[in-house]
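Residue numbers (the numbering used here): 3 to 265.
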């Protein structure tokens, strides 16, 4: 995982928030304690750490895992938005968001770059990446789920598979698994078939995670950060495997498509 270095933390404190006469921004002991649940959705008691608000903030940030550090940095961006002080320029603000994104990226499977694509899919992946970097993994769950849906539809279209109306992600994956020859070949066919069947269960589980635990609907109980990361990593792993198998490197998309799917 790629968390914050000591130099990063001191940059946030001194270059972004700012320190004057030993005080960190406009924090008081009380507002510092309220900052974590109010701006970061974290239950942290800074009074467990000795020192001034500046010293406590540094120790809290250094003690957190990367996902927690990203949450604090986003909280800082909300409490001290761009332009709220002379040093908080758009460029410096982007650097702050870059640090938050780096913390999140260290916990995630690499962002998919797919050969099977569509304009809708590219926009969804871009939206998911933006939400992940600015709002956190829970906010990105809906877009990554919709992107997986768009990808599976594009993959079925690439193969020429007829799609039933309102076909969901589970049904689309089943169509590909049963009809695409690249998903049933190889010396470990039986093992891979079992893994793909297990992935079908994972894909089916992404539906309630998105519908009941994300911002896709007015859900009161959202997925936690770690659970949202698991959902995103699961979807990205499926992206990576399918795109590598459905159109192997060095081949054109038309080479795997049947002449007539109805025969």
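Ideal Cβ positions, reconstructed from N, Cα and C, are used throughout, including at glycine. This one's a predicted model, so the numbers in the text were calculated from it and none came from an experiment.
So, for residue 202: in the same chain, excluding its five sequence neighbours on each side, which residues have a beta-carbon less than 8 angstroms away from its beta-carbon?
Within the chain shown, numbered from 1, the residue matching residue 202 stands at position 200. Within the same chain, residue 202 has close Cβ partners 172, 175, 176 and 179.
Name the residue from 40, 89 and 85 whose alpha carbon lies nearest to the alpha carbon of residue 271.
Residue 271 lies beyond the range of the chain shown here (3 to 265); nothing can be said about it.
Assign residue 114 to one of two classes, buried (16 or more other C-beta atoms within 10 Å of its C-beta) or exposed (fewer than that).
Within the chain shown, numbered from 1, the residue matching residue 114 stands at position 112. Answer is buried; the Cβ neighbour count reaches 16.
State buried or exposed for residue 116, treating a residue as buried only when at least 16 other CB atoms are found within 10 Å of its CB.
Numbered from its first residue, the chain shown carries residue 116 at position 114. So residue 116 ends up on the buried side.
Taking contact to mean at least 3 C-beta pairs separated by less than 8 angstroms, is the segment 39-52 in contact with the segment 85-102?
no
Residue environment, residue 238, which counts as buried when at least 16 other CB atoms sit within 10 Å:
Along the chain shown, one-based indexing puts residue 238 at 236. Burial call: buried.
Note the first and the last residue of the continuous alpha helix (DSSP H) segment covering residue 68.
In the chain shown, residue 68 corresponds to position 66, counting from 1. 68-81 is the span of the alpha helix (DSSP H), which, as asked, contains residue 68.
Below 8 angstroms, can you find three or more Cβ-Cβ pairs linking the segment 156-171 to the segment 189-202?
no
Buried or exposed (CB count within 10 angstroms, at least 16 for buried), residue 188:
As a first step, residue 188 is located in the chain shown; it is residue number 186 there, counting from the start. Its Cβ having fewer than 16 others within 10 Å, residue 188 is exposed.
Is residue 258 helix, strand or coil when you go by DSSP?
By one-based count along the chain shown, residue 258 stands at place 256. Low confidence applies to residue 258: its pLDDT is 38, below 50, so where it sits in the model is not reliable, and the reading given next is rough at best. The answer is helix: DSSP assigns residue 258 an H, G or I state.
To which residues of the same chain is residue 44 closer than 6 angstroms at the C-beta, ignoring the five residues directly before and after it?
The residue labelled residue 44 in the question sits at position 42 within the chain shown. The residues are 38 and 73.
Within a Cβ cutoff of 7 angstroms, which residues of the same chain sit near residue 146, ignoring the five residues on either side of it in sequence?
Residue mapping note: residue 146 aligns to position 144 of the chain shown, counting from 1. So the qualifying residues of the chain are 130, 234 and 237.
Would you decide whether residue 96 is buried or exposed? Buried here means 16 or more other CB atoms lie within 10 Å of its CB.
Counted from its first residue, the chain shown places residue 96 at position 94. Per the 10 Å Cβ criterion, exposed.
Based on Cα-Cα distance, which residue from 210, 59, 243 and 11 lies nearest to residue 28?
If you number the chain shown from 1, residue 28 lands on position 26. Considering only alpha carbons, the answer is 59.
Using 7 angstroms as the threshold, is the C-beta distance between residue 102 and residue 126 below it?
Within the chain shown, numbered from 1, the residue matching residue 102 stands at position 100. Within the chain shown, numbered from 1, the residue matching residue 126 stands at position 124. No, the pair does not count as a contact, with Cβ atoms beyond the cut-off.
Beta-carbon separation (whole angstroms), residue 139 vs residue 106, contact threshold 8 angstroms
What you label residue 139 is simply residue 137 of the chain shown in a count that begins at 1. What you label residue 106 is simply residue 104 of the chain shown in a count that begins at 1. Confirmed, Cβ separation roughly 7 angstroms.
How is residue 141 classed by DSSP in three states: helix, strand or coil?
Within the chain shown, residue 141 is the residue found at index 139, counting from 1. Residue 141 falls in the helix class under three-state DSSP.
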